[in-house]
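Shown next, in structure tokens, is the structure this report addresses.
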Amino acid sequence: MSKVNDGAVPMVEAWRGGILESTHTGHAVICDETGQIVESWGNPQAVIFPRSSCKMIQALPLLESGAADAAGLTPRQLALSCASHEGAAIHTEAVDQWLAGLGMSEADLRCGSHDPLDRAAREGLTLAHDKPCQLHNNCSGKHAGFLTLNRHLRAGSEYVEVDHPVQRAAKAAFEETTGETSPGYGIDGCSAPNFATSVHGLARSMAAFAAARDTGDARQKAMHRLASAMAMHPEMVAGEGRACTELMRAMGGKVAIKTGAEAVFVAIIPERKMGIALKITDGGTRGSEAAIAGLLVRLGVLNANHPATLKRLNVVQKNWRGFETGTVTLAPGFAQ
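The numbering of the sequence shown is our numbering, which starts it at 763 and goes up by one.
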């Protein structure tokens, strides 16, 4: 496996005044249902942390163990277990109700607190002279899933520790679906371990989700349910104005996509039985959103002229007076 900068290629360009101002480089892989590479750019073996893009993998033990069904989780809650939500009322209330149904509360979470990304929620806290709680954490849905599995396993309360049964199960699912032994892990923003893999490994996992059917074995059923829940409830996966939500809506619930911190993006395309993984090496969201949009357009599952696409790809940049100042486009040779 290679370092993240090894072999990276230009993917997205920002132009101003007819001059190339900035370039986002990266790696991308499209896999088929066998895990083989259909197309790639950059270095498929570059090692990355998937960050939040792999939440559907981390949620597999929740379903495979029977914990989700024992708790009566709905597709909306399953989508939330894969979410990096913006802490809007629709998200925090759903997590609060989920925990209450388990006989638990916000205090049982181990994700920490941060200001909600949702403007209305943030302003509400300010006006009330209140502080955010763990429900506002963008990973609180994933952690509610961890708690659901943990209750089912009757394990200890510190479920984010790397040697805890919950995280051992998550690691096993991660290595089995990526087809690789993880070379190591880092601690994510929500305090859970995040296991490293190659871009190819992550794409291989997403292709397995894409090929999974509800008539398959326990893992395939779990994969199918999670991907379907994400595509069915895009508002729970991210939130209004966010790329994951808007692009999934633009594709009519036929594709599940998920971003991760430091410019990672994945896609699950059941109709094509294909999975995508990409990493922009500078960690910039502008680059990863343009790149995933470009790949989805290339595969024919996203309309190039849809407003959600044009918000991120072939963007005409304007200044504060409304003057056109430049464009953000795909680099020559990438996804074209």
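All C-beta atoms, glycine included, are put in the ideal place defined by N, C-alpha and C. Every value quoted in this text rests on a predicted model; they were computed, and no experiment measured them.
Tell me which residues share the same chain as M985 and place their Cβ nearer than 6 Å to its Cβ, disregarding the 5 neighbours each side in the sequence. F971, A974
For T1007, count the other beta carbons within 10 Å of its own beta carbon; 16 or more makes it buried, fewer makes it exposed. Which is it? T1007 should be labelled buried.
Option in R884, A845, A833 with minimal Cα separation from L864: A833
Let me make sure I understand the geometry here. Which of E848, G780, N767 has the alpha-carbon closest to that of P996? E848
Distance, G903 Cα to A850 Cα: 12 Å
According to DSSP, residues forming a beta bridge with E1086: K1080
Identify whether T943 lies in helix, strand or coil by the three-state DSSP scheme. In this structure, T943 counts as coil in the three-state DSSP scheme.
Does the segment 950-960 come into contact with the segment 862-879, if we say contact requires no fewer than three beta-carbon pairs (one atom in each stretch) closer than 8 Å? When Cβ pairs closer than 8 Å are counted between the two stretches, the segment 950-960 is seen to touch the segment 862-879, the count reaching three or more.
Run through the segment 945-1017 for me and flag every whole alpha helix (DSSP H) of 4 or more residues, listed as ranges in chain order. 961-973, 980-994, 996-999, 1005-1012
Range of the contiguous beta strand (DSSP E) that encloses V1063: First-last for V1063: undefined, no H or E at that position.
Would you say T1087 lies against chain D (beta-carbon separation less than 7 Å)? The structure shown contains no chain D, having only a single protein chain.
Any idea if I792 is buried or exposed, counting beta-carbon neighbours within 10 angstroms, 16 or more meaning buried? buried
Alpha helix (DSSP H) segment containing G907, residue limits: 902-915
Counting Cβ pairs, one atom from each stretch, are 3 or more of them under 8 Å apart for the segment 1030-1044 and the segment 1006-1022? Taking 8 Å as the limit for Cβ pairs, the verdict is that the segment 1006-1022 does touch the segment 1030-1044.
Residues sharing a beta bridge with T787, DSSP: P772
If you draw a straight line from the alpha carbon of V766 to that of G1046, how long is it in whole angstroms? About 14 Å.
Please go through the same chain and pick out, in chain order, the residues whose beta-carbon is closer than 7 Å to the beta-carbon of G941, but skip the five residues on each side of it. G797, G963, R966
Evaluate S846 with the Cβ neighbour count: other Cβ atoms within 10 Å of its Cβ, from every protein chain shown; 16 or more gives buried, anything less gives exposed. buried
Compute every distance between the C-beta of G1088 and the non-hydrogen atoms of the ligand NAP, then say whether any falls below 6 Å. Absent from the structure shown: the ligand NAP. Ligands present: none.
Assess, as a yes-or-no matter, whether the segment 773-783 is touched by the segment 1085-1094 under the definition of 3 or more beta carbon pairs within less than 8 Å. Segments in contact, yes.
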